[in-house]
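For the sequence shown, the positions run 1 to 91 when UniProt numbering is used.
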Amino acid sequence: MINTTPRTKFISLTATQKRALFWLLVVNTYTINTANLIIPSGDGRCSLAIFGMNTFGFGPAWILGDPFIRQYCNIYDVGQERVGFANSLQE
Numbered sequence: 001m002i003n004t005t006p007r008t009k010f011i012s013l014t015a016t017q018k019r020a021l022f023w024l025l026v027v028n029t030y031t032i033n034t035a036n037l038i039i040p041s042g043d044g045r046c047s048l049a050i051f052g053m054n055t056f057g058f059g060p061a062w063i064l065g066d067p068f069i070r071q072y073c074n075i076y077d078v079g080q081e082r083v084g085f086a087n088s089l090q091e
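This is how it looks when you write it as structure tokens:
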């Protein structure tokens with residue numbers, strides 16, 4: 001059953017510590033900058049732009065979505081059945 005009730009967590013936009021998020025995929029580490037991780041809500045708070053989900057027995061999964069796509073270009077090589085990532089021009 002899919003949880004249809006959103007559970008958005010907010011943090012202060014004035015937080016003094018802004019940290020990047022690091023993901024280790026196979027042998028590469030991918031960093032997502034704070035600017036790509038947060039969504040301002042307009043009331044002095046912001047929400048995290050990624051979310052976790054239950055994968056029904058396979059452990060937790062994280063949906064990186066837009067923050068990852070903003071940070072890295074996705075390169076699809078259908079012939080070789082692989083996906084690559086390159087730094088985007090915007091940080």
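Glycine included, every Cβ here is placed at the ideal spot set by N, Cα and C. Please read these numbers as outputs of a predicted model, since none were measured by experiment.
Residue j beta carbon less than 8 Å from that of residue i
i: Tyr72; j: Ala49; result: no
Close-in-space but distant-in-sequence residues of the same chain around residue i (CB under 7 Å, 5 per side omitted)
i: Pro67; result: Ile32, Asn36, Leu37, Ala49 and Ile50
i: Ile39; result: Cys46, Ser47 and Ala49
Residue burial classification, residue i (beta-carbon count within 10 angstroms, cutoff 16)
i: Leu89; result: exposed
Own chain, CB closer than 6 Å to residue i, minus 5 neighbours either side, in chain order
i: Gly52; result: Pro60 and Trp62
Nonlocal neighbours in the same chain, by C-beta distance under 8 Å from residue i, ignoring five residues either side
i: Ile75; result: Val83, Gly84, Phe85 and Ala86
i: Asp77; result: Val83 and Gly84
i: Thr55; result: Ala61
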